[in-house]
Amino acid sequence: MSISSYSAIILAAGFSSRMGSFKPQLSIGNISVLERGIALFRCAGIENIQVVLGHRAENLMQCVDAAGANWCINSCFHEGMLSSVITGVENISHDSSAFMVLPVDIPLVALETISALIKAHETTDALIIHPVRNGKRGHPPLISSALIKELVRYDGSGGLKSFLAQYSNDTFDVSVPDRFIHLDMDTPEDYLKLVDLYDRIKYQDRFENSNNGYRTS
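Number 127 in numbering that gives the first Met the number 0 belongs to position 128 of the sequence shown; there are no gaps in the numbering.
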């Protein structure tokens with residue numbers, strides 16, 4: 000299966016109320032967490048990337064364009080994350096065989112994790128693939144496009160997690176060594192912890208400045 004048959008949805012529509020600052024524009028390394036999410040999927044070879052915007056959308060449109068992704072607006076972003084997932088799903092390529100969903104505030108997922116999800120999708124019949132570390136599922140899930148109609152019709156109770164739980168018999172967990180599938184940044188303390196961790200472990204950064212915009216090796 001060609002990598003071109005995969006899409007990615009980055010959720011960047013929320014209020015960032017607990018953070019106190021606008022999360023998509025916060026930096027780790029020399030780029031914003033939004034740019035970092037886009038670069039992750041670009042480096043994986045995924046070209047159809049939809050960034051779902053809502054709160055302060057006008058502040059992010061130019062950034063998304065410059066980073067080589069597409070943006071769409073969730074006018075109902077105040078209704079919660081699932082509404083943004085559905086907005087993203089409605090805007091991905093109709094040729095997509097599967098898509099991944101990544102909140103913008105989970106900014107350091109490894110490229111190898113994305114590759115592991117794609118490999119699992121291509122070698123199993125599962126409709127949903129979760130990355131797992133130490134027995135705990137993380138982000139991003141990979142979801143078959145066969146579930147799009149059901150997702151769009153879902154009543155929203157319990158959010159995306161509850162929707163996916165309905166398909167437990169068609170779900171596959173792929174083990175990854177990536178601690179960052181669990182590390183989000185909801186508060187200033189979370190953000191500072193991630194920045195400190197990034198600096199201390201000298202996280203291999205494939206996404207900062209290079210001749211073609213992002214380093215890939």
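Beta carbons are placed, not taken as given, at the ideal position from N, Cα and C, and that holds for glycine.
Distance from Val32 to Val50 at the Cβ level is roughly 12 Å; contact not present, criterion being Cβ atoms closer than 8 Å. DSSP, read as helix, strand or coil, puts Leu101 in strand. Boundaries around Arg152 are those of the alpha helix (DSSP H), Ile147 to Arg152, since no beta strand (DSSP E) includes it.
In this structure, the alpha-carbon of Leu159 lies about 10 Å from that of Pro140.
Here Pro130 is bridged, per DSSP, to Val173. At a cut-off of 4 residues, the continuous stretches assigned as alpha helix (DSSP H) that sit fully inside the region 36 to 84 are 60 to 65. Using a Cβ distance threshold of 8 Å, Ile142 and Val100 count as a contacting pair. In this structure, Leu25 sits near Tyr190, with a CB-CB distance shorter than 8 Å. Taking all protein chains shown into account, His129 has 16 or more neighbouring C-beta atoms within 10 Å of its C-beta and is therefore buried. In the displayed model, Ala12 falls within coil according to three-state DSSP, outside both helix and strand. One thing to note: Ile105 has its Cβ no nearer than 8 Å to the Cβ of Ile8. As computed with DSSP, Lys135 is found in a beta bridge with Arg132. If you check the CB distance, His120 and Ala97 come in under 8 Å. Secondary structure note for Leu141: its beta strand (DSSP E) is the uninterrupted segment Leu141 to Ser143. Residue state for Tyr166 is assigned as coil, using DSSP reduced to three classes. Tyr153 has its alpha-carbon roughly 36 Å from the corresponding atom of Ile30.
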